Ligand code: FEO
């Protein structure tokens with residue numbers, strides 16, 4: 001059984017993961033409008049992953065006898081000045097999410113909730129990947145600079161991103 005404190009914190013995290021999905025979907029819409037279809041595919045898949053993260057927490061709260069309470073999702077920004085500014089925001093956002101996951105883990109440690117610690121270990125590993133992939137694109141965009149050819153090549157490359165092989169959401173047993 002989840003403690004009330006952990007239940008509240010996990011419900012907050014569900015909201016943050018749904019916001020992440022909303023943010024990346026907004027970025028996908030912006031990329032579509034800017035004729036960068038490869039960037040848009042990358043963002044759409046990222047949004048899908050975030051929805052998977054939210055559902056993973058959703059299932060964990062339910063499976064541990066908690067009660068999911070969904071809150072209003074904040075409006076994400078609709079436009080970005082450049083792909084670099086956009087990806088710097090992705091990286092900054094993922095670093096913030098890593099901090100939230102670490103905080104949740106500390107809470108689960110303090111509450112001696114071992115099942116939640118195990119669930120959060122998956123997210124800790126996932127955040128390493130999330131920060132790494134966003135950081136790589138930031139570096140590549142810096143290399144590209146103002147060169148349209150480089151940007152179009154990167155767009156092609158990001159458009160080859162594949163959906164995750166296994167769904168992130170666990171679902172009830
Ligand atoms: Fe759900 Fe990108 O962290």
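In this note's numbering, the protein residues as written are 1 to 173. All residues carry an ideal CB built from backbone N, CA and C; glycine is no exception. It should be emphasised that the depicted structure is a prediction, and the values quoted were computed from it without experimental measurement.
Check: Helix, strand or coil at residue 142 [DSSP, three-state]; Outcome: helix
Check: Proximity to residue 66 [Cα-Cα], best of 136, 34, 10, 119; Outcome: 10
Check: Residue 26 burial status per 10 Å Cβ neighbour count (16 or more: buried); Outcome: buried
Check: Nearest-angstrom Cα separation, counted from residue 38 out to residue 158; Outcome: 5 angstroms
Check: Cβ neighbour criterion (16 or more within 10 Å) applied to residue 47; Outcome: buried
Check: Limits of the alpha helix (DSSP H) - the one that residue 219 falls within; Outcome: The structure shown does not extend to residue 219, since the chain is modelled only from 1 to 173, so the question has no answer here.
Check: Residue 20: CB within 6 angstroms of a non-hydrogen atom of the ligand FEO; Outcome: yes
Check: Own chain residues within Cβ distance below 8 angstroms of residue 155, not counting five before or after; Outcome: 36, 37, 38, 39
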